[in-house]
Structure formats: structure tokens, C-alpha cells
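Just below is one structure, and these are the notes that go with it.
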Amino acid sequence: MLVGKKALKALQKHARVPCGYAAVNDVRTGKHEDRMDSYVLSETFKYLYLLFSDPSDLLLNIENFIFTTEAHLLPLTLGQLGNHTFNIKDHEEGGMLDFMRSCPSPNKLFPETVRRPLRDLVTGVCPRISSAKRLRAADFQASNADHLRTVYDMGITMVSLGEGKVQLLHSFYNAKSPEDAERGLVFMQEMVELSKSNTIPKTQLQEVSFQGSDGEPRALKAGPSHFGPELTGDMTVVQRVVYANPSKVCTTLKNVQELRGRIAVVERGDCTFVDKARRVQVAGAVAAIVYDNTPNTSIDNQQMFAMSGDGRDDVKIPVVFLFTKEAEVLRAAIRANSELEVTLRSSKEAADDAGDSATSNSADKPSKTESGSSSSSSGSSESKPAP
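Per the UniProt record's numbering, residue 1 is the first one in the sequence shown, and the count goes up by one each step.
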């Protein structure tokens, strides 16, 4: 009894969490894992309950049962059955009953009066997201805790490769259930297709240009988006730039008046690219520049990608993307001149390359261009760029 009491107190102190009892990853630090092993309920608590309960508290007489090493109850009456094989056709109804009991069903061994209270005991204690709401790759956000928990249940692990790159690995054995494993496989296939859709030809690169504080022109290569109009040919947007507030534009904007008729400068992260675009569009911005929030990224060390949308065609303003180092040049210019005027257009270098390509009668080959993604040759997929 004392040992059991000590074990119970240790569980309450070190493993108890708001939604159950979590596995302890490291006894030195007390760090929890995001799981509760099935044997906690099926074995540990069952034995603790039996240890401290009175016979009158029990729903059945445990003297008539024997426990397996997995805490399963087997009726002692099973021992009365022979170990020989029956021929069903040669036995009367009584013998048939004994034969059926030799492979017992829990529904027969434990009546509804026993099973119902136990089932009601745990129903609704720790509700989870409905399995019917499948997480699609297009909706996945790496900053969303619910999304991370869902992909973990599907047997998908995320490995950070640095410089904003993430590798996704899928294993059936790590999934919570076979159904979750199947959903994980579909999710990975969607990620591959999404990664392919983010591939952009060089001719689609955009440009952010302005006059530097030294009077010299500056031209920064920028990525396009799969939503909103694409700037091609002689199409341009020329206007002053204004920082959005809040910078990530995932909640209600606080400087709507300042953004009206201007180019909004927005920080990447916390919500999707297209959601940011919709908010600044409603505020009256004529275009948007999204800058990266991952340190040290540049078009020189990263492959450019096209910002993904959600399939809805309701963004009517052009939106371009700058990696961190290019964005720092723009932000420094804004600090030097709060009235800075910027021009958004198709990249001149890309247009020149397109002209050369047309002359030689050969097209540029699109290269795989996703930022924040990586691939592996076994059991993994390229992830889409995190918004």
C-alpha cells in the first residue's frame, strides 16, 4: 500500500497535465512528451484503483478473474474448458456453448452493466479535433500549434535544416492510428504538388526599385505571388511605402488611413500570405511588399518562390516578396527617407533574359524554387514555404 501511495503521488507530481498524464521525456528536467501511453489507463490506473478500493466499490468480483501481464481480466471459468478440438457438428447445444466460450468475446464476459459505466467515465474528458476535419497542405501553417499537433499525429516529423528550410518526414509507424497514417500520406503528396506549383520561371521575377539616399538607383529582385495581378511588360506601381501596423497583418490594422493609396510593407509570419494581402487591400493599399522574417536569407543563397494562395481569386493588388538581406536595403532607405517612393515592376534582368531566349528560340527552364523547404530521397517531402 505504501509503495502504491508513493507511485501515485509521483504520478500526480511529475506526470499530471491538464488533459491527462504525459510521458516524461527526461527525469532530470521533467520535460513532458506530447503523448499519454495507453497502458496508463489500461494497466497503471487499473491496478492503483484495485489497490486502494474496497470490495464494495467494484463492479464485479475480481476473485472470479485472473489478470494477464497486460491487466486483461480472464474469467477463471475458462479453465474448466478442455484443451481439445471440438467438432461442432458432433455436439449438442450445450457443447456448442462451451466451444464458443473457448474464444471469449468481451461483450459476453463483461455485461453492459459493467462496460457502460467505464465507457461513460472517459467520454468527453479530453476532446480532440474531429477527425473529419482533415488538414490540407495548402492550409498548413508551421506557426500553428494545432497544425503541428495534427501532423505529429499523422506520423509526420519536421526537421529544421537552417536558413528557414524545413524537411518533413513521414512514417506509418509513428502515426497515432492507421487512419491518421493514411491522412499523413495524402498530406505529404499534397505537399509535393504544392511545392511543384510554387516553381517559377526566371522570367516571372519582380523588382522593387527606388532612389537611394546617395542619389543612386537601387533595384531589388523580388518574388511574385500566385494571387493578385502579376506585373508584366511595362506594368508598374509607383507610390510611397508605409509600414503596416501590426507588421505581420494577422489582426485588425491600426493605421488604415496611412495605408490608403500607398504600398504596404508587411512582415512574413503567423498567418498566410494571401490573408495579409486581403487585409491591406481592404485598408486601401495599392500594392504590398512582404519581407522575410528568417535571418540572413537572400536571393543569392535561397531559391526564389511564388507566394501561395488558397484558390480564391479576390486579391486585386500586386504583392511581391523580398528575402531578408534585400529587405534590409529597402528598410534602411525608408529609415533615411520616410517619404520614400518605390516602383514595383517586372524584373528588367528577367525581361532581358526572356528577350534573349526568344531570339534563340529556346525557353528558360523553370527551376524548383521554394524557400523554407527541402526534400529527402526516402520517406520525405518538400514542404511549402511557411507564411
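Don't be surprised by glycine CBs; every beta carbon is placed ideally from N, CA and C.
- With a cutoff of 7 Å on beta-carbon distance, Ile-299 and Phe-273 are scored as not near each other.
- Comparing C-alpha distances from Ala-15 to each of Asn-144, Met-1, Gly-30 and Val-319 shows the shortest one belongs to Gly-30.
- Excluding its 5 nearest sequence neighbours in each direction, Asp-34 has C-beta neighbours in its own chain below 8 Å: Ala-22, Arg-149 and Tyr-152, listed in chain order.
- Counted as a single uninterrupted DSSP element, the alpha helix (DSSP H) harbouring Gln-12 occupies residues 2 to 14.
- Taken atom to atom, the span from the alpha-carbon of Cys-250 to that of Val-290 is near 13 Å.
- In this model, Arg-331 and Phe-172 are separated by some 46 Å (Cα to Cα).
- With a contact defined as Cβ atoms closer than 8 Å, Ile-263 and Val-241 qualify at about 5 Å.
- In this structure, Thr-236 lies near Arg-345, with their beta-carbon atoms less than 7 Å apart.
- Around the CB of His-72, fewer than 16 other CB atoms lie within 10 Å, so the residue is classed as exposed.
- Cβ-Cβ separation between Ala-287 and Lys-276: approximately 12 Å, too far for a contact (criterion under 8 Å).
- Here Phe-227 has Val-274, Gly-309 and Val-315 as same chain residues with Cβ atoms under 6 Å from its own Cβ, once five neighbours each way along the sequence are excluded.
- Residue state for Asn-174 is assigned as helix, using DSSP reduced to three classes.
- Only residues of its own chain outside the window of five on either side were considered, and among them Asn-245 have a CB closer than 6 Å to the CB of Asn-255, listed in chain order.
- Taking 7 Å as the cut-off, the Cβ atoms of Ser-225 and Thr-343 do not count as close.
- Per the coordinates, the alpha-carbon of Ala-7 lies some 34 Å from the alpha-carbon of Ile-156.
- Here the C-alpha atom of Tyr-39 lies approximately 15 Å from the C-alpha atom of Lys-176.
- Straight through space, the alpha carbons of Glu-339 and Ile-317 are spaced by roughly 21 Å.
- Closest in alpha carbon position to Leu-41, among Asp-54, Glu-70 and Thr-297, is Glu-70.
- In the DSSP assignment, Lys-316 falls outside any beta strand (DSSP E) and carries neither an H nor an E.
- The Cβ neighbour count for Arg-183, taken over all protein chains shown within 10 Å, is at least 16; the residue is labelled buried.
- In summary, Met-158 is exposed, with fewer than 16 beta-carbon neighbours lying within 10 Å of its beta-carbon over all protein chains present.
- Ranked by Cα distance from Ala-327, the options Gln-303, Arg-268 and Gln-167 are led by Arg-268.
- Secondary-structure assignment with DSSP links Arg-345 through a beta bridge to Glu-207 and Thr-236.
- Leu-231 is the residue among Ala-137, Leu-231, His-147 and Val-17 whose C-alpha sits nearest the C-alpha of Val-320.
- For Leu-2, the number of other beta carbons within 10 angstroms of its own is below 16, and it is reported as exposed.
- Per DSSP, Leu-259 is one residue of the alpha helix (DSSP H) stretching across 256 to 259.
- Exposed is the label assigned to Ala-145, since fewer than 16 other Cβ atoms lie within 10 Å of its Cβ.
- Beta-bridge partners assigned by DSSP to Ile-299: none are found.
- As the crow flies, the alpha-carbon of Ala-137 is around 14 Å from that of His-170.
- In this structure Leu-48 does not touch Gly-20 by the C-beta definition: roughly 15 Å separates them, more than the 8 Å allowed.
- Here Ala-285 is buried: its Cβ has 16 or more other Cβ atoms, across all protein chains shown, within 10 Å.
- Looking at the backbone, the Cα of Asn-61 and that of Gln-141 are separated by about 52 Å.
- Here DSSP, grouped into helix, strand and coil, assigns Met-191 to helix.
- In this structure, the straight-line span from the alpha carbon of Ala-306 to that of Leu-11 is close to 50 Å.
- Within a 10 Å sphere around the beta-carbon of Leu-259 sit 16 or more other beta-carbons, which makes this residue buried.
- For Ser-213, the CB contacts under 7 Å within the same chain, skipping 5 residues up- and downstream, are Ala-333, Ala-336 and Asn-337 in chain order.
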